[in-house]
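Heads up, the thing below is written out as structure tokens.
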Amino acid sequence: MWKPMLTTLVEDAPTGEEWVYEVKYDGFRCGIEWTSNNIRLWSRNGNELTNSFPEIVAWCRENQHLVENQLPLFLDGELAVLLTEFQSVFSLVQQRGRLKAAEKIQAISEKRPATFVIFDLIQLKERTLEREDFQSRRKKLEKLSSLLKIDQFASENRLYQIRIFQSLADIQALITLHQSEGIVAKHKNSRYSHGKRTDQWLKVKNYRWIEAVITGFNTDNDYFDLSIANKDGFEFLGKVKNGFSKEEKNTLTTFIQQHGKKKNQFYWDVPPSICIGINCLDATMGDLREPSFRQFHFDLLPEQCTRDNIRVGLAQLPAELELSKPEKRLYPDVTKRDYLLYLRKVAPFLLARIKNKRLTMIRYPDGISAHFFYQKHLPNYAPEYIQTVPGEDEEQDILCQDLRSLLWFGNHGSIEFHVPFQTIDSGYPDEMVFDLDPPSLREFPLAVKAALLIKDMVAYQGFIPFVKTSGKTGLQIHIPLEEKSMSFDQTRTFMEAVANIFVERYPESFTTERLIKNRGKRLYIDYVQHAPGKTIIAPYSLRATNEATVATPLYWDEVNEKLNPKDYTIKTVPPRLIEMGCPFQDMWNNRKKP
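Residues in the sequence shown are numbered from 1 upward in steps of one, following full-length UniProt numbering.
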């Protein structure tokens, strides 16, 4: 029976040319036993998982012809539900593991499939590879992955060969942005030691830091109860046992015996006075994931340990960010803190769409009901890490290249992020975007109609279209292009032709009339805006509406008569991403030439 090689937990990752680095995914350790006649999934404890993850088995069967002459195989990896290439959602894979009914398992596997992230190859054909060093096994895995076409990340694939990093700094930046579970460092010469925890594979956890108040102690199991303050007093957060030194624990238990109240043989009530810092991977009310004591916080009052502070701690905001006036209302029901935490959650998706593009922001320093202004150029008070490129009139145009820049902009009231259709190093568009603009929300069904018509036409031409809400009353169709495959003149000609076809076919529904007063109740198909120097709202950017709506990527099956753009807000989009993933995840893998 397979017993996986195990990692050793350390505080800091080693450095040196003899080490390589991988993302640590938050899921189930798993081995795939793949023969010509059968495909079976095994947990690290020897339990069979085959029936719990039918999408993995189905994908392997569908692609078995690509590796038939390589079988049998044994692959070591992690079963995970991926949010991004570098971030997984443990709660979703945990839910999958608990399901027993085949119908429910099948339904969820189709709606939110898991991915098997491969990080080692243990058997190839009839040959076991345990005695070969990691580099040798990796080279064989790379050849196998090339045959299966899983050497590059694509969300439609159910197997994915984990990415290797030679630089610790490079992977740390990604771990921070994506809030991954951690880093695994592997020695290049390591052999595969079944069932052993070794110093050749080391893991560093990406712990979040939060603060809570001790309110109870159980002498039977040595767990301390933790609470946070609310308007009615204190509410239970979770428990912690590990991380205390012997001296720290003795000091704490002595205090509890002197000041606490014994409820029964084992349990002590503790008055809320001792604040402590906690390391954890996640925190929901009543449950902490992998908590451990970090430090005493004599600088905090119990009333300062709140749910809002827990949210900030879990977000892992950059150290450079000085959160100013977090309670300021930017929207009727949204504070600046809420907005920055939203930006933190969507940062991997938003940055992927605005990086290396000249940024135009609409800033509302005092909220959307107050004064606003456009900003394209670097203000003189911006920090040095904000990157720029030369613009017109000797000004410096703003770029948003990383998390700290994005949050700095948000902290200064930047609500809407608009970007051009080309990157800073190209004069060619990297996408075409049809902007479908109905006169009001009442005519939104026209946007649905136009989007589906344009989708079919451009797909017939060989393009792969993607769709999002504009964040207001319309829809926008993004069509990724291969690098330098079309000029702006060519995209303008193509888009104008498409728009005119539908205006001629449905003159009562659509128009290309630029003057609003002449459109009537018809939807405006905007292709004119697709030009050098023009911009479009970025995916996942908020809009300045009372509902705090978001320009939200959609799946095409959502574009129907039930679609309402007001459903996609600062509060609904983050849980939607976790539940459904990002429809634009593979956009740049689907670039097409005309």
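The beta carbon of each residue, even a glycine, is placed where N, CA and C say it ideally should be. From a predicted model like this one, the values you see are computed outputs, not experimental measurements.
Through-space distance from residue j to residue i, alpha-carbon basis
i: M587; j: F153; result: 12 Å
i: Q461; j: F494; result: 11 Å
i: L288; j: I278; result: 10 Å
i: residue 598; j: P429; result: Only positions 1 to 594 of the chain appear in the structure, and residue 598 is not among them; the question remains open.
i: S470; j: I415; result: 14 Å
i: W268; j: L252; result: 12 Å
i: G413; j: R191; result: 53 Å
i: A107; j: W42; result: 22 Å
i: G474; j: H371; result: 25 Å
i: R353; j: Q304; result: 37 Å
i: V448; j: L314; result: 38 Å
i: I183; j: D26; result: 11 Å
i: F510; j: G410; result: 37 Å
i: V433; j: D170; result: 33 Å
i: I479; j: Q529; result: 15 Å
i: E257; j: F224; result: It is Gln, not Glu, that sits at residue 257 in the sequence shown. Distance between the alpha carbons of Q257 and F224: 13 Å.
i: M285; j: A212; result: 12 Å
i: I228; j: N309; result: 9 Å
i: R96; j: N51; result: 11 Å
i: L174; j: V346; result: 14 Å
i: R40; j: G195; result: 19 Å
Backbone secondary structure at residue i - three-state DSSP
i: R344; result: helix
i: A80; result: strand
i: K205; result: strand
i: T493; result: helix
i: A185; result: strand
i: D567; result: helix
i: R505; result: helix
i: H377; result: strand
i: I32; result: strand
i: Y555; result: coil
i: T549; result: strand
i: H478; result: strand
i: P420; result: coil
i: P302; result: helix
i: N218; result: strand
i: V67; result: coil
Beta-carbon proximity of residue i to residue j, cut-off 9 Å
i: S426; j: K468; result: no
i: R208; j: A283; result: yes
i: R514; j: Y524; result: yes
i: N221; j: K241; result: yes
i: P72; j: Q123; result: yes
i: Q401; j: L378; result: no
i: E22; j: F165; result: yes
i: R344; j: Q375; result: no
i: E18; j: N230; result: no
i: M457; j: F417; result: no
i: F421; j: F584; result: no
i: T572; j: K472; result: no
i: P291; j: G243; result: yes
i: V67; j: L147; result: yes
i: Y331; j: A551; result: no
i: Q476; j: L446; result: no
i: K357; j: L399; result: yes
i: Y342; j: L542; result: yes
Unbroken alpha helix (DSSP H) run spanning residue i, endpoints
i: M486; result: From DSSP, M486 is part of no alpha helix (DSSP H); its letter is neither H nor E.
i: I310; result: 307-315
i: V20; result: Not the alpha helix (DSSP H): V20 falls in the beta strand (DSSP E), residues 19-24.
i: E247; result: 246-259
i: A459; result: 444-460
i: I171; result: 168-178
i: W588; result: That residue, W588, is in no alpha helix (DSSP H); it is neither H nor E in DSSP.
i: V57; result: 54-62
i: Q104; result: According to the sequence shown, residue 104 is Lys rather than Gln. K104 -> alpha helix (DSSP H) spans 102-111.
i: G410; result: 403-411
i: M580; result: 573-580
i: K97; result: Residue identity check: residue 97 is Gly in the sequence provided, not Lys. Note, G97: alpha helix (DSSP H), 90-98.
Residue i - containing beta strand (DSSP E), residue span
i: N279; result: 275-280
i: W268; result: 267-269
i: W42; result: 39-43
i: R138; result: No beta strand (DSSP E) contains R138, which is instead part of the alpha helix (DSSP H) from 134-148.
i: L226; result: 223-230
i: E235; result: 233-240
i: V117; result: 115-124
i: Y192; result: Run containing Y192: none; DSSP gives neither H nor E here.
i: I516; result: Unbroken run through I516: none, as it is neither H nor E.
Chain C within 9 Å of residue i, Cβ atoms only
i: Y21; result: The displayed structure is made up of one protein chain only, and chain C is not part of it.
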